[in-house]
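Novice: According to my numbering, the sequence shown holds residues 71 to 679 in order.
Built from N, CA and C at the ideal position, the CB exists for glycine as well.
The following block contains the structure, expressed as structure tokens.
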Amino acid sequence: MTYRMFTQLLSSVCLILMLSCGQKKKSDSASEATRSKEKPNVIIVFADDQGYGDLASHGNPYIKTPNLDAFAKESLELTNFHVGTTCAPSRAGLMTGRNGNRNNAWHTIAGCSILLEDEKTMAEVFKEGGYSTAMFGKWHLGDNYPFRPHDRGFEHALYNGGGGVQQTSDYWNNTYFDDTYFRNGKPVKLEGYCTDVWFNEAIKHIQRTEDEPFFLYLPLNAAHSPFNVPESYAKMYENEPLADYQKRFYGMISNIDENFGKLVRFLKDRKLFDNTIVIYTTDNGTAAGIKTDKDGNVTGYNAGLKGTKGSHYDGGHKVPFFISWPDGNIKKGSVNNELVANVDLLPTLAHMSGIPFEADKPLDGANVAPVLLEGKKEAERMLVIDTQRGQWPIKGKNSCVMTTEWRLIDGSELYNIIEDPGQKNDIAEEHPEVVKKMKAYYDQWWSSIEPEMRYAEIPLGDPKANPVTITVHDMHTDDNIPWNQVQIRQGEFAPDGYYSIKVMEDGLYQFKLYRYAPESNLALNAAADRISQSYSMDELPAGRSLHFESAAVQLGDFEVKADVDMDAPFVLLEGKLGKGSYKLQSNFFTEEGAKMPAYYIEINKKSTL
């Protein structure tokens with residue numbers, strides 16, 4: 071071989087090697103892209119007030135849920151899945167993996183349903199993990215910056231105010247039909263029934279983002295009161311032996327069922343279903359699925375469980391749970407009775423989605439992927455559920471300590487939930503060792519949460535949110551709060567309390583005190599128009615005319631007063647505030663000196679001192 075032939079051969083070999091390396095790099099890159107594409111999408115549908123017994127597949131002889139029943143057959147069902155006993159605690163636990171007592175979400179109102187600003191949410195974890203994030207529905211973890219869903223990791227959020235339709239913080243006169251919602255904080259009016267809107271918006275969002283992994287949260291406000299539903303769904307139950315409101319409640323669930331079926335069909339048509347983790351669950355026990363009258367007559371169905379929404383017995387917090395992920399080898403049509411809860415979903419879904427997750431605060435939940443993916447049994451674990459619903463958590467109040475087999479209620483009642491799911495036979499005296507062990511766990515758990523308890527402070531004067539509107543929904547008080555717009559119209563509740571706020575900068579601040587929601591444009595003495603009841607919708611009563619002589623705002627040593635023009639929609643007051651934390655009070659006063667809080671307050675930082 072000549073030298074020239076050798077160099078030509080060598081050049082050819084090098085070229086082949088270079089091309090091979092280039093192809094390998096290109097192949098590796100393509101492989102990475104494929105792996106990125108193969109990350110599972112995640113959808114959580116979180117219905118409101120639908121209990122374990124509010125499904126046909128759970129034996130309910132009245133309700134019609136064909137799509138959820140079909141989904142159950144192609145999913146894994148957890149039959150021992152638990153949430154909080156009411157709305158906000160359940161949502162806080164789901165979003166953070168931490169019990170609501172730890173993060174100022176142990177109540178649904180009274181300043182104690184605002185998820186603390188330093189909690190890390192599931193949306194933030196998925197966003198950091200390369201997912202697009204969106205939410206459509208009921209947030210119920212804070213209406214002000216920095217507590218809103220789009221402040222907490224959701225790139226796109228469409229939601230109700232407060233805890234849902236017609237609550238005090240919701241847009242004025244919403245009825246479930248053609249309502250105004252908040253899209254990333256801005257009001258937007260959309261046509262259609264509320265639940266239909268959430269699912270339609272979700273489907274449109276998936277169409278826009280299906281080329282990248284997405285995390286989609288659908289926390290519905292149905293079937294929460296008011297029990298308003300398109301008439302056709304109420305009439306599905308007109309011949310059933312149920313109270314009228316139960317027929318509408320069941321109709322709301324049938325509407326959810328229809329929408330859920332539409333979502334699943336859409337995912338399958340777009341070839342997205344197999345690699346999407348789809349979860350259907352709810353936020354607490356039934357609100358209206360069962361009714362017992364004063365004579366002990368029962369209508370409806372609760373799957374034999376003791377208690378309903380708000381109860382620390384199983385009927386208050388054991389809820390339906392179905393999960394599907396064909397590409398993840400979750401066994402179709404299977405059932406698992408291991409103890410799992412809402413607080414487990416953040417670490418579990420992060421693991422299943424390949425997202426590194428290290429909690430920077432103590433979790434109540436755990437990664438239960440082996441239970442879901444492999445059907446493994448857990449080593450014995452305990453979890454705590456309670457119902458606080460007060461201004462500050464109280465040790466032992468309405469407590470339930472759980473294992474897969476046992477329930478310890480109020481530290482004294484013990485039930486074997488496998489043998490006695492209806493919790494009829496207290497066997498504490500027969501198993502003192504179990505009681506002792508579970509009480510010890512509760513004491514240890516309480517000691518871990520107590521140092522974390524604190525109130526959220528709503529910031530004033532922050533350039534990211536100015537002006538700020540605060541509603542009586544978030545007043546700290548033990549008195550009755552007008553938490554919905556029926557009570558706002560009636561004008562009968564006059565709670566004495568305050569708001570936890572934080573003035574971010576010294577400045578001149580302006581306060582507008584309203585009786586009605588600012589967007590209503592109603593005068594202080596107006597009697598809001600009645601929105602009449604129909605076959606499938608509750609009435610919004612006419613408002614009661616009130617009269618006030620003066621108004622005042624107080625923050626610490628600062629106080630400013632003004633006379634009231636009752637024909638105006640608000641009273642305007644202003645003054646100079648220094649940076650710091652305060653208890654804000656704002657009241658109207660009658661000629662006799664009786665006071666009523668401003669139900670709505672708009673606060674605007676006008677200038678810096």
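Should T678 be labelled buried (16 or more other beta-carbon atoms within 10 Å of its own) or exposed?
Specialist: So T678 ends up on the exposed side.
Novice: In the DSSP assignment, what are the bridge partners of M422?
Specialist: Note: M422 sits in no beta bridge, so no partner.
Novice: For T351, tell me which candidate among H387, I601, D513, S404 has the shortest Cα-Cα distance.
Specialist: That would be H387, whose Cα lies nearest to the Cα of T351.
Novice: Which parts of the segment 247–293 are runs of the alpha helix (DSSP H), unbroken and 4 residues or longer, counting only runs that do not cross its ends?
Specialist: Complete alpha helix (DSSP H) runs here, min 4: 264–279.
Novice: Could you check where the beta strand (DSSP E) with C470 kicks off and where it finishes?
Specialist: From DSSP, the beta strand (DSSP E) with C470 extends over 469–472.
Novice: Between the C-alpha atoms of G613 and H177, what's the straight-line distance to the nearest angstrom?
Specialist: In a straight line, the C-alpha of G613 is about 28 Å away from that of H177.
Novice: Whole-angstrom Cβ separation of V634 and V623, contact assumed at under 8 Å?
Specialist: Not confirmed; about 13 Å, so no contact.
Novice: Q555 and L610 - do their beta-carbons sit closer together than 8 Å?
Specialist: Yes.
Novice: Measuring straight from C-alpha to C-alpha, what distance separates F659 and N214?
Specialist: The alpha-carbon atoms of F659 and N214 are separated by roughly 27 Å.
Novice: With 16 as the cutoff for other CB atoms within 10 Å, does L642 come out buried or exposed?
Specialist: Classification for L642: exposed.
Novice: Just the Cα atoms here: how many angstroms apart are I671 and N244?
Specialist: Cα-Cα distance, rounded: 20 Å.
Novice: Between which residues of its own chain and V195 is the CB-CB distance below 8 Å, once the five residues before and five after are set aside?
Specialist: Contacts found: G223, L416, A420, I425, F427.
Novice: Assuming S677 is part of the beta strand (DSSP E), what are its boundary residues?
Specialist: Segment 670–678, the beta strand (DSSP E) holding S677.
Novice: From this set, W242, S160, A304, F640, which residue's C-alpha is nearest D118's C-alpha?
Specialist: If we check each option's Cα against that of D118, S160 comes out closest.
Novice: Below 8 Å between beta carbons: does that hold for Y241 and D248?
Specialist: No. Outside cutoff.
Novice: Short of 6 Å in beta carbon distance, which residues of its chain neighbour N230, apart from the five on each side in sequence? Order them along the chain.
Specialist: Only K208, D240, N291 meet the Cβ criterion.
Novice: Assess, as a yes-or-no matter, whether the segment 291–307 is touched by the segment 321–336 under the definition of 3 or more beta carbon pairs within less than 8 Å.
Specialist: Cβ pair count under 8 Å is three or more, so yes.
Novice: Considering only residues of the same chain and omitting the five flanking positions on each side of Y586, which have a CB-CB separation below 6 Å?
Specialist: So the list reads L592, once near-sequence residues are dropped.
Novice: Can you say whether A664 is buried or exposed, counting buried as having 16 or more other CB atoms within 10 angstroms of its CB?
Specialist: Looking at its Cβ environment, which holds fewer than 16 other Cβ atoms inside 10 Å, A664 is exposed.
Novice: Taking only runs of the beta strand (DSSP E) that begin and end inside the segment 441–496, which ones reach a length of at least 3 residues, in chain order?
Specialist: Listed in chain order, the complete beta strand (DSSP E) runs (minimum 3 residues) inside the segment 441–496 are 453–456, 469–472, 476–479, 483–486.
Novice: Output yes or no for whether 8 Å exceeds the beta carbon distance between P396 and D344.
Specialist: Yes, Cβ-Cβ distance for P396 and D344 is below 8 Å.
Novice: Is N111 helix, strand or coil by DSSP?
Specialist: Correct three-state label for N111: strand.
Novice: Which stretch, first to last residue, makes up the alpha helix (DSSP H) that contains T166?
Specialist: Start and end: 157–166.
Novice: Going along the chain, which residues of its own chain have a beta-carbon closer than 8 Å to the beta-carbon of N173, five neighbours each way excluded?
Specialist: Cβ neighbours of N173 beyond the five flanking positions: A162, T166, L185, L186, E189, E522.
Novice: Exposed or buried, which one is P731 when buried takes at least 16 other CB atoms within 10 Å?
Specialist: This structure leaves residue 731 out entirely; the chain is present only between 71 and 679.
Novice: Does the contact criterion of 3 or more C-beta pairs under 8 Å hold for the segment 638–655 versus the segment 563–583?
Specialist: Result yes; three or more Cβ-Cβ pairs closer than 8 Å.
Novice: Could you give the DSSP three-state label for S97: helix, strand or coil?
Specialist: Here the model assigns S97 a pLDDT of 34, short of 50, so the residue's position is not dependable, and the following value carries that caveat. Reduced to three states, the DSSP call for S97 is helix.
Novice: Who does E224 pair with in a DSSP beta bridge?
Specialist: For the sequence presented, residue 224 should be read as Phe rather than Glu. F224 is not bridged to any residue.
Novice: In chain order, what residues of the same chain have a beta carbon less than 8 Å from the beta carbon of V334, not counting five sequence neighbours either side?
Specialist: Hits under 8 Å: N137, F141, F343, V348.
Novice: Figure out for me which residue from D544, L453, Q458 has the closest Cα to the Cα of F217.
Specialist: Looking at the Cα atoms, D544 is the closest of the given residues.
Novice: Which residue wins for smallest C-alpha separation from L148, given the options K361, A596, L409, Q655?
Specialist: Of the candidates K361, A596, L409, Q655, the one whose C-alpha sits nearest the C-alpha of L148 is L409.
Novice: In chain order, what residues of the same chain have a beta carbon less than 8 Å from the beta carbon of E225, not counting five sequence neighbours either side?
Specialist: The residues are K197, S202, T203, A204.
Novice: DSSP state of I184, grouped into three classes?
Specialist: I184 falls in the coil class under three-state DSSP.
Novice: Where does Y307 land, buried or exposed, given buried means 16+ other C-beta within 10 angstroms?
Specialist: The residue in question, Y307, is buried, as its Cβ has 16 or more Cβ neighbours within 10 Å.
Novice: Under DSSP, the alpha helix (DSSP H) around P136 begins and ends at which residues?
Specialist: Element bounds for P136: 136–143.
Novice: Within 10 Å of its beta-carbon, does E271 have 16 or more other beta-carbons around it, so buried, or fewer, so exposed?
Specialist: That one is buried.
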